[in-house]
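*Asks:* Pasting a structure below so you can have a look.
There are 2 protein chains.
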Amino acid sequence: MRIGELAARAGVSVRSLRYYEEQGLLTSTRSASGQRHYTDDEVERVTFIQRLYAAGLSSRTIYELLPCVDAPSEENSDAALERMAQEHDRLSRHIDELIHTRDALEGLMATNRAHRETLRATAAC
Amino acid sequence: MRIGELAARAGVSVRSLRYYEEQGLLTSTRSASGQRHYTDDEVERVTFIQRLYAAGLSSRTIYELLPCVDAPSEENSDAALERMAQEHDRLSRHIDELIHTRDALEGLMATNRAHRETLRATAAC
DNA sequence: CTTGCCTCTGACATCCATGTGAGGTTTTAG
DNA sequence: CTAAAACCTCACATGGATGTCAGAGGCAAG
C-alpha cells in the first residue's frame, strides 16, 4: 500500500510516517518513481510506535528498542534488552504516579459534590 | 519563604514558579521591594500542579480546575467540576493505554530472554 | 490529453514548559 | 561597608513531534 493508506489505517498523519522513517523506526520499499510502499504488517508496527510515543519514549529510545522487536532472536539486542527493562521501570513508576493523580482528582470531585449536596440541603431549609 | 526556598522544597526551578504565577496557578505576596513570599501551603500546591502537568494537563486546563481545589465549596466551580470529570476520564483511558504498553514491553522482554536461554542451551550442546 | 488526487523533497512554523542570559536591585554574611 | 548570593523583569532559545506550504512529478478516470 502507499503512504496515504498506511496513514489512514494506522490513524496517523502522512507527515508522521515520513518522520518515523527519517528516525529509522520504519522502512519502506520505493517504487521506480520514488513512492513509498508498505506491507500490511507495517500498520501494526506503526500503531506500536505510536503506543511507545504515548508512553513517553523518544524517537531515539524507540530506535534503541527496535532490535528487540524486529529480531526477537538476535544476540545484538543486548543493550536493547537493558534499555527495555529501564523503560519498563520508568513506565511503571509513571503509571503509579498517574494513578495517584487520578485518585487525587476523584477525592476533589467527591469533596465538591458533597459540598454541592450541602448547599442544596441548606437552600431547601 | 522566598522563591528559592519554595523551588528547593517543591523540587522545581525558580523559573517554573514564576511561570506558574504568570499562568495564574500560583499567587504570591510581594515584599516592599517586590520579592515574592509564600506560605508553607504553597509547597503542596506546587507539587500538585506538577502532578497535573505530569498527567498531561496544560496550564490552561489546570487553571480551569483550580476553583475546585481552592474553594471546594464555592458554587462557581460548576464548569470546573465538569472539566475535572473530563480530565479524570481522559486520564483513566491513558492509564489503561500505558498498562497495555507496559504489558507489551513485558511480553517482548520475555520473548527475548527465552531466546537467550535457547541460545545458551544450544551453545552448551 | 486533461483533471484531480496522491506523492515527493525541503523548509519553515507551531506549541509549551523550561532554560538561559543580561542588566539591575535586595538581602545576607563576614 | 563590601562581597556574595538571591531576587527582579524582559526577552530570546530550546526540543521534539507534528503542521503546513511550495513547487514538482506520478497515476487513474473520463
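Going down the list, the sequences are from chains A and B. Going by the UniProt record's numbering, the first residue of the first sequence is number 1, and it counts up by one from there. Going by the UniProt record's numbering, the first residue of the second sequence is number 1, and it counts up by one from there. Even glycine gets a Cβ: it sits at the ideal position worked out from N, Cα and C. The model shown is predicted, which means the values in this text are computed figures rather than measured ones.
Name, please, each residue of chain B whose Cβ falls closer than 9 Å to the Cβ of A/T47.
*Replies:* Locating residue 47 of chain A in the first sequence gives position 47, counting from the first residue. Those within 9 Å of A/T47 in chain B number zero; the least Cβ separation is about 11 Å.
*Asks:* Comparing the C-beta of B/S1 with each C-beta of chain A, is any distance below 8 Å?
*Replies:* By one-based count along the second sequence, residue 1 of chain B stands at place 1. According to the sequence displayed, residue 1 of chain B carries Met and not Ser. Not an interface residue.
*Asks:* Please check if any C-beta of chain A sits within less than 8 Å of the C-beta of B/S92.
*Replies:* As a working note, residue 92 of chain B is residue 92 in the second sequence. Closer than 8 Å: yes.
*Asks:* According to DSSP, is B/R2 part of a helix, a strand, or is it coil?
*Replies:* For the purposes of this step, residue 2 of chain B is taken as the residue at position 2 of the second sequence. In this structure, B/R2 counts as coil in the three-state DSSP scheme.
*Asks:* When you compare the CB positions of A/H37 and A/T27, do they come within less than 8 Å of one another, or not?
*Replies:* Translated into the one-based positions of the first sequence, residue 37 of chain A becomes position 37. Translated into the one-based positions of the first sequence, residue 27 of chain A becomes position 27. Taking 8 Å as the Cβ cut-off, A/H37 and A/T27 do not qualify as a contacting pair.
*Asks:* If you measure from the beta carbon of B/V69 to each beta carbon in chain A, is any gap under 8 Å?
*Replies:* Along the second sequence, one-based indexing puts residue 69 of chain B at 69. Yes, contact with chain A.
*Asks:* Have a look at B/H115 and A/S73 and give me their C-alpha separation to the nearest angstrom.
*Replies:* Mapped onto the second sequence, residue 115 of chain B falls at position 115. Mapped onto the first sequence, residue 73 of chain A falls at position 73. Cα to Cα, the separation comes out at about 6 Å.
*Asks:* Return the residue from the list B/S77, B/S33, B/D78 and B/S13 that minimises the CA-CA distance to B/Q50.
*Replies:* Within the second sequence, the letter at position 50 stands for residue 50 of chain B. When each option's Cα is compared against that of B/Q50, the closest is B/S13.
*Asks:* Among the residues of its own chain, which have a CB less than 7 Å from the CB of A/Y63, if the five just before and after it don't count?
*Replies:* On the first sequence, residue 63 of chain A is found 63 positions in, with the first residue counted as 1. Result list for A/Y63: Q23, G24 and L25, in chain order.
*Asks:* Can you tell me whether DSSP reads A/T39 as helix, strand or coil?
*Replies:* Position 39 of the first sequence, counted from the first residue, corresponds to residue 39 of chain A. In this structure, A/T39 counts as coil in the three-state DSSP scheme.
*Asks:* Take B/L6 as the anchor and find which of B/E44, B/G34, B/S33 and B/R102 has the nearest alpha-carbon.
*Replies:* Walking along the second sequence from the start, residue 6 of chain B turns up at place 6. Out of B/E44, B/G34, B/S33 and B/R102, B/E44 has the C-alpha closest to the C-alpha of B/L6.
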